Amino acid sequence: MFSRRSNSHCDQENDKLQSEAKVNELKAALGPLSGRNLQYCTDACLRRYLEARNWNVDKSKKMLEETLNWRSTYKPEEIRWNEVAIEGETGKVYRANFHDRNGRTVLILRPAMQNTKSLDNNIRHLVYLIENAILNLPEGQEQMACPPRIFEAFWKIVKYFLDAKTFQKVKFVYPKNKDSVELMSSYFDVDNLPTEFGGKATLNYDHEEFSRMMAQDDVKAATFWGLDDKHQHGRNGYTGAEVVPEPTYLAPPAS
18 MFSRRSNSHC
28 DQENDKLQSE
38 AKVNELKAAL
48 GPLSGRNLQY
58 CTDACLRRYL
68 EARNWNVDKS
78 KKMLEETLNW
88 RSTYKPEEIR
98 WNEVAIEGET
108 GKVYRANFHD
118 RNGRTVLILR
128 PAMQNTKSLD
138 NNIRHLVYLI
148 ENAILNLPEG
158 QEQMACPPRI
168 FEAFWKIVKY
178 FLDAKTFQKV
188 KFVYPKNKDS
198 VELMSSYFDV
208 DNLPTEFGGK
218 ATLNYDHEEF
228 SRMMAQDDVK
238 AATFWGLDDK
248 HQHGRNGYTG
258 AEVVPEPTYL
268 APPAS
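Per the working numbering, residue 18 is the first one in the sequence shown, and the count goes up by one each step.
So, in structure tokens, the structure goes:
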């Protein structure tokens with residue numbers, strides 16, 4: 018709908034005005050919102066749905082309403098680490114302690130470790146981590162995944178449990194594929210990237226350290242959603258009151 022690469026300041030202002038008009042149109046189409054739906058449907062969120070449906074308000078409204086219905090039923094914002102920690106003991110999916118060249122959040126996925134007998138638990142675990150990553154992700158940035166091809170089948174199932182904002186942030190890249198290696202190198206410092214993802218670093222997962230970090234992030238999530246965090250205390254022994262340092266930015270920012 019818009020010319021996204023226009024060089025003219027006037028054209029850029031024009032695009033901004035058109036974008037705002039579409040956002041307001043979608044707001045009107047949705048009608049009054051309250052509670053978590055109102056908090057979820059920020060202008061940035063509405064803009065993402067419009068972009069995902071080529072700025073078609075009717076299609077964006079349908080897509081967003083489906084997401085809101087799913088969130089109302091599944092309540093992903095209420096999932097807490099102590100409920101899914103057991104699924105993360107092997108380090109099959111976790112938020113990395115390094116960032117890309119622009120300081121963006123990275124999720125490490127190793128689906129070969131998935132237990133297919135507990136698909137629902139796997140989905141809750143993955144949804145929790147993606148929700149958590151989004152809260153720590155700069156607006157408008159992408160997530161990247163570097164899994165074996167077998168994960169693509171799993172992703173086809175999982176993506177239907179997630180909204181457009183989430184599954185559009187995933188790209189599939191492979192260490193032995195030339196184009197993938199070049200893409201990864203453009204996003205990551207190879208000295209910090211684990212070898213199994215085409216880099217030179219050793220991949221280590223410390224479940225206890227990661228649990229402490231997730232406990233801290235649960236407090237952030239509860240604050241963001243305005244929840245009485247009744248899920249802070251759980252079987253993993255960690256509480257949301259524990260404070261740990263923010264993840265270290267191992268990859269230097271892009272010049």
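We put the CB at the ideal spot given by N, CA and C, even for glycine. Remember, predicted model here, so these are calculated numbers, not experimental data.
{"query": "Consult DSSP for Ala218 and reduce its assignment to one of helix, strand or coil.", "result": "strand"}
{"query": "If you reduce the DSSP assignment to three classes, tell me which class Tyr91 lands in.", "result": "helix"}
{"query": "Can you tell me whether Leu143 is helix, strand or coil according to DSSP?", "result": "helix"}
{"query": "Beta-carbon separation of Arg88 and Arg53 under 9 Å?", "result": "yes"}
{"query": "Measuring CA to CA, which of Arg65, Trp98, Ala45 is closest to Met17?", "result": "What is shown of the chain runs 18 to 272, which leaves residue 17 out entirely."}
{"query": "Specify, as a first and last residue, the run of the alpha helix (DSSP H) that Tyr67 falls within.", "result": "It should be pointed out that residue 67 corresponds to Leu in this sequence rather than to Tyr. Here the alpha helix (DSSP H) through Leu67 covers 60-69."}
{"query": "Return the residue from the list Ser197, Tyr222, Arg70 that minimises the CA-CA distance to Phe214.", "result": "Ser197"}
{"query": "Buried or exposed: where does Thr59 fall if 16 or more other Cβ atoms within 10 Å of its Cβ makes it buried?", "result": "exposed"}
{"query": "When the Cα of Asn114 is compared with those of Leu124, Gly105, Asn86, which residue comes out closest?", "result": "Leu124"}
{"query": "Are the region 36-48 and the region 60-68 touching by the rule of at least three beta carbon pairs closer than 8 Å?", "result": "yes"}
{"query": "Would you call Gly251 buried or exposed, if buried means 16 or more other Cβ atoms sit within 10 Å of its Cβ?", "result": "Model confidence at Gly251 stands at a pLDDT of 42, short of 50, so the residue's coordinates are unreliable and nothing is read from them."}
{"query": "My output table needs one value for Tyr111: the three-state DSSP class, helix, strand or coil.", "result": "strand"}
{"query": "Nearest-angstrom Cα distance between Ala162 and Leu47?", "result": "Annotation note: pLDDT 48 at Ala162 (below 50); position unreliable, coordinate value reported separately. Answer to the nearest angstrom: the Cα atoms are 33 Å apart."}
{"query": "What is the DSSP secondary structure of Glu37, reduced to helix, strand or coil?", "result": "helix"}
{"query": "If you run the structure through DSSP and keep just helix, strand and coil, what is Asp28?", "result": "helix"}
{"query": "Is Phe227 helix, strand or coil by DSSP?", "result": "helix"}
{"query": "So what does DSSP say about Leu47, is it helix, strand or coil?", "result": "helix"}
{"query": "Counting C-beta neighbours from all protein chains within 10 Å, is the total for Leu50 16 or more, i.e. buried, or is it exposed?", "result": "exposed"}
{"query": "DSSP has Pro211 in a bridge; who is on the other side?", "result": "Ala218"}
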